[in-house]
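The block underneath contains the structure these notes are about, expressed in structure tokens.
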Amino acid sequence: MATIVANPETLDRDALLEAARDRAGLTDFGDTWFLEPMAQFLEAANREGRLTPAGVAGQREVIVKGLTSRLRMVEDLKRHPEIHDETVSVAAIILGLPRTGSTIFQRLLASAPGMTGIRWFELQNYAPFPGEAPGAPVERRAYADAMIDGWLQAAPELASIHPLDPDAPDEEILILGQMFVSTMVEAMTFVPSFARWLDGYDQSKGHADLTTILKYLQWQDPSRRGKQWVLKSPSNLPFAEYAAAAFPDALLIMTHRDPVDTVPSYISMQAALYKLVAQIDDREVAGFWFPRLQEWMRRFADARERIGEDRFIDIDYRDVTRQPVEQARRVLRRIGVEPGPDTEAALAEFLAGNQREQRPAHDYSLDRFGLDESAIRDAFADYRARYIG
Numbered sequence: 023m024a025t026i027v028a029n030p031e032t033l034d035r036d037a038l039l040e041a042a043r044d045r046a047g048l049t050d051f052g053d054t055w056f057l058e059p060m061a062q063f064l065e066a067a068n069r070e071g072r073l074t075p076a077g078v079a080g081q082r083e084v085i086v087k088g089l090t091s092r093l094r095m096v097e098d099l100k101r102h103p104e105i106h107d108e109t110v111s112v113a114a115i116i117l118g119l120p121r122t123g124s125t126i127f128q129r130l131l132a133s134a135p136g137m138t139g140i141r142w143f144e145l146q147n148y149a150p151f152p153g154e155a156p157g158a159p160v161e162r163r164a165y166a167d168a169m170i171d172g173w174l175q176a177a178p179e180l181a182s183i184h185p186l187d188p189d190a191p192d193e194e195i196l197i198l199g200q201m202f203v204s205t206m207v208e209a210m211t212f213v214p215s216f217a218r219w220l221d222g223y224d225q226s227k228g229h230a231d232l233t234t235i236l237k238y239l240q241w242q243d244p245s246r247r248g249k250q251w252v253l254k255s256p257s258n259l260p261f262a263e264y265a266a267a268a269f270p271d272a273l274l275i276m277t278h279r280d281p282v283d284t285v286p287s288y289i290s291m292q293a294a295l296y297k298l299v300a301q302i303d304d305r306e307v308a309g310f311w312f313p314r315l316q317e318w319m320r321r322f323a324d325a326r327e328r329i330g331e332d333r334f335i336d337i338d339y340r341d342v343t344r345q346p347v348e349q350a351r352r353v354l355r356r357i358g359v360e361p362g363p364d365t366e367a368a369l370a371e372f373l374a375g376n377q378r379e380q381r382p383a384h385d386y387s388l389d390r391f392g393l394d395e396s397a398i399r400d401a402f403a404d405y406r407a408r409y410i411g
């Protein structure tokens, strides 16, 4: 095969696919449905992403590792067809505007006996590395540690915004983003035109592949068999129906917090993430994300009516802060788990080791982003009236 030489200042589809094949030593990507959203994303990233040279290199690595995981999984599925026989039970999916306490709540629920979640290092590389011993993903954990170190060197403020822990559960949209079909793509790269395109794209194949990946992860770690998965996709808010349809037995947990707090907090997070790969002014970040978050909530409100109220439970950030265990009990009971002494002990142990004070305070302000509190209140008036009070 002839070597494909790409422009080092751009992201080239054929070069990225070849790089993944070379890394994996494999050629079969399985169903290549993802090539369409991939092409749309790359065009937008090259045209409007304003990627720095380091950003291009970083994005290239993110894409290649995701494609490499796909190649390795397809090969494992051919060698071990029993993976398809794994029974996966997704008990709950956390939704809600970002910055609503969803991370701590997912990790709290996943700490209960009989529950599990996708670990951060698995979200980065869901396929085992070559030669990895079953149950000993040492190199994948090391890869995740190095990623976190690199992120925090480039954007130290991330330490106060999102708790990065290789072994803690985190958002499955990190995997969906490797298929170019989640809001994580627009969260990591400034691609407004791709975000608009994604709004009209059928993401069902991405969620079908996510189901297979959950089986794959369970097969890798047999101790998860019989446990119930807790997923979390706050940034999947505008595409809630895809998640609801893919996992029809899952309880949909809507986490709530006043947008006056969540909007600047999330925009601050986006500014920090973009800083890893691009040069974009804080106010321009706000100019994109403030109306984008409004649109997410509008789309979700319509979707919630179609999905049906019986699928939902509402969790207030203030209650999670004051009574986290009681809120966890509410959810566990809804999914048919009656908390006993072992559950209470596990929840208490998790909380004891995960106090917010162990991280620096997240400092964000409306002025930094040119935002106005009254404008946020007006934009989310219906939401605030219904859920915040």
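Residue numbers (the numbering used here): 23 to 411. Every residue gets a Cβ at the ideal spot worked out from N, C-alpha and C, and that includes glycine. Everything numeric in this text was worked out from a predicted model, so none of it was measured.
Inset, instruction - Please classify Gln-128: is it buried, with 16 or more other beta-carbons within 10 angstroms of its beta-carbon, or exposed? - result: Within the sequence shown, residue 128 is the residue found at index 106, counting from 1. Under this definition Gln-128 is a buried residue.
Inset, instruction - To the nearest angstrom, report how far apart Gln-242 and Asp-98 are at their CA atoms. - result: Translated into positions along the sequence shown, residue 242 becomes position 220. Translated into positions along the sequence shown, residue 98 becomes position 76. For Gln-242 and Asp-98, the distance between alpha carbons rounds to 11 Å.
Inset, instruction - Answer with buried or exposed for Leu-354, where buried requires no fewer than 16 other C-beta atoms within 10 angstroms of its C-beta. - result: On the sequence shown, position 332 is the one that residue 354 refers to. Buried.
Inset, instruction - Helix, strand or coil for Lys-254, going by three-state DSSP, please let me know. - result: What you label residue 254 is simply residue 232 of the sequence shown in a count that begins at 1. Of the three classes helix, strand and coil, the one that applies to Lys-254 here is strand, per DSSP.
Inset, instruction - Name the two residues that bound the continuous alpha helix (DSSP H) containing Gly-199. - result: In the sequence shown, counting from the first residue as 1, residue 199 sits at position 177. Looking at the DSSP string, the run of the alpha helix (DSSP H) that includes Gly-199 is 195-200.
Inset, instruction - Tell me whether Ser-91 sits in a helix, a strand or coil according to DSSP, three-state version. - result: As a working mapping, residue 91 is identified with position 69 in the sequence shown. Helix, per DSSP.
Inset, instruction - Could you name the residues that DSSP lists as bridge partners for Thr-138? - result: As a working mapping, residue 138 is identified with position 116 in the sequence shown. Beta-bridge pairing links Thr-138 to Trp-251.
Inset, instruction - Have a look at Ser-204 and Ala-37 and give me their C-alpha separation to the nearest angstrom. - result: Within the sequence shown, the letter at position 182 stands for residue 204. Within the sequence shown, the letter at position 15 stands for residue 37. Roughly 23 Å separates the two Cα atoms.
Inset, instruction - For Leu-239, collect the residues of the same chain with a Cβ closer than 8 Å to its Cβ; drop the 5 residues on either side in sequence, then sort them by chain order. - result: Taking the sequence shown and counting its residues from 1, the one referred to as residue 239 is at position 217. The residues are Ile-140, Glu-144, Tyr-148 and Arg-246.
Inset, instruction - Measure the C-alpha to C-alpha separation of Val-160 and Asp-304 and round it to an integer number of angstroms. - result: Here residue 160 corresponds to residue number 138 of the sequence shown, with the count starting at 1. Here residue 304 corresponds to residue number 282 of the sequence shown, with the count starting at 1. Going by the C-alpha atoms only, they are around 38 Å apart.
Legend entry - beta strand (DSSP E) runs contained entirely in the region 306-390, provided each spans 3 or more residues: 334-338
Inset, instruction - Take the Cβ of Asp-413 as the centre, count every other Cβ of all protein chains shown within 10 Å, and call the residue buried at 16 or more, exposed below. - result: The question about residue 413 has no answer here: the residues shown for the chain are numbered 23 through 411.
Legend entry - Of the residues Asp-400, Arg-35 and Ser-396, the one placed nearest Glu-83, counting alpha carbons only: Within the sequence shown, the letter at position 61 stands for residue 83. Answer by Cα proximity: Arg-35.
Inset, instruction - List the whole-angstrom C-beta distance separating Ala-134 from Thr-365, where the pair is believed to meet the contact cut-off of C-beta under 8 Å. - result: Here residue 134 is taken as the residue at index 112 of the sequence shown, counted from 1. Here residue 365 is taken as the residue at index 343 of the sequence shown, counted from 1. That pair is a contact at about 5 Å.
Inset, instruction - Would you check if the distance between the CB atom of Leu-393 and the CB atom of Phe-310 is smaller than 8 Å? - result: Position 371 of the sequence shown, counted from the start, is the residue given in the question as residue 393. Position 288 of the sequence shown, counted from the start, is the residue given in the question as residue 310. The answer is no: Cβ separation not under 8 Å.
Inset, instruction - May I have a chain-ordered list of the alpha helix (DSSP H) segments no shorter than 4 residues that lie completely inside the region 211-290? - result: 214-221, 226-242 and 262-268
Legend entry - Three-state class that DSSP yields for Leu-99 in the structure shown: Numbered from its first residue, the sequence shown carries residue 99 at position 77. Helix, per DSSP.
Inset, instruction - Report buried or exposed for Glu-40, applying the criterion of at least 16 other Cβ atoms within 10 angstroms of its Cβ. - result: Here the question's residue 40 lines up with position 18 in the sequence shown. Classification for Glu-40: buried.
Inset, instruction - Report all residues from its chain with a CB closer than 8 Å to the CB of Phe-63; omit the five preceding and five following residues, and keep chain order. - result: Counting from 1 along the sequence shown, the entry for residue 63 is found at position 41. So the list reads Phe-202, Val-207, Thr-211, Val-213 and Phe-216, once near-sequence residues are dropped.
Inset, instruction - State the Cα-Cα distance for the pair Leu-33 and Asn-68, rounded to the nearest angstrom. - result: Sequence index remark: in the sequence shown, residue 33 carries index 11 (1-based). Sequence index remark: in the sequence shown, residue 68 carries index 46 (1-based). Answer to the nearest angstrom: the Cα atoms are 7 Å apart.
Inset, instruction - Give me the Cα-Cα distance between Val-282 and Gln-146, rounded to the nearest whole angstrom. - result: Along the sequence shown, one-based indexing puts residue 282 at 260. Along the sequence shown, one-based indexing puts residue 146 at 124. Cα to Cα, Val-282 sits roughly 32 Å from Gln-146.
Inset, instruction - Indicate whether Arg-92 and Gly-123 have their beta-carbon atoms separated by less than 8 Å. - result: Here residue 92 refers to the residue found at position 70 of the sequence shown. Here residue 123 refers to the residue found at position 101 of the sequence shown. Not in contact: Arg-92 and Gly-123 (Cβ atoms no closer than 8 Å).
Inset, instruction - Closer than 7 Å by C-beta to Asp-295: which residues in its own chain qualify, once you throw out the five before and the five after it? Chain order, please. - result: On the sequence shown, position 273 is the one that residue 295 refers to. Note on identity: in this sequence residue 295 is Leu, with Asp being the wrong assignment. Result list for Leu-295: Ala-209 and Met-210, in chain order.
Legend entry - Per-residue DSSP class, three states only, for Pro-59: Locating residue 59 in the sequence shown gives position 37, where the first residue counts as 1. DSSP places Pro-59 in helix when its eight states are reduced to three.
Inset, instruction - Run the CB neighbour count on Gly-411, radius 10 Å, all protein chains shown included, and call it buried at 16 or more, exposed below. - result: Taking the first residue of the sequence shown as 1, we reach residue 411 at position 389. Burial call: exposed.
Legend entry - Neighbour-count burial assignment, His-106, 16 or more Cβ in a 10 Å radius: As a position in the sequence shown, residue 106 is number 84, starting the count at 1. Classification for His-106: exposed.
Inset, instruction - Determine which residues share a DSSP beta bridge with Gly-172 and list them. - result: Taking the sequence shown and counting its residues from 1, the one referred to as residue 172 is at position 150. Answer is none; Gly-172 lacks a bridge partner.
Inset, instruction - Measure the CB-CB distance between Val-110 and Leu-236 and report whether it falls below 8 Å. - result: Translated into positions along the sequence shown, residue 110 becomes position 88. Translated into positions along the sequence shown, residue 236 becomes position 214. Yes, the pair counts as a contact, with Cβ atoms nearer than the cut-off.
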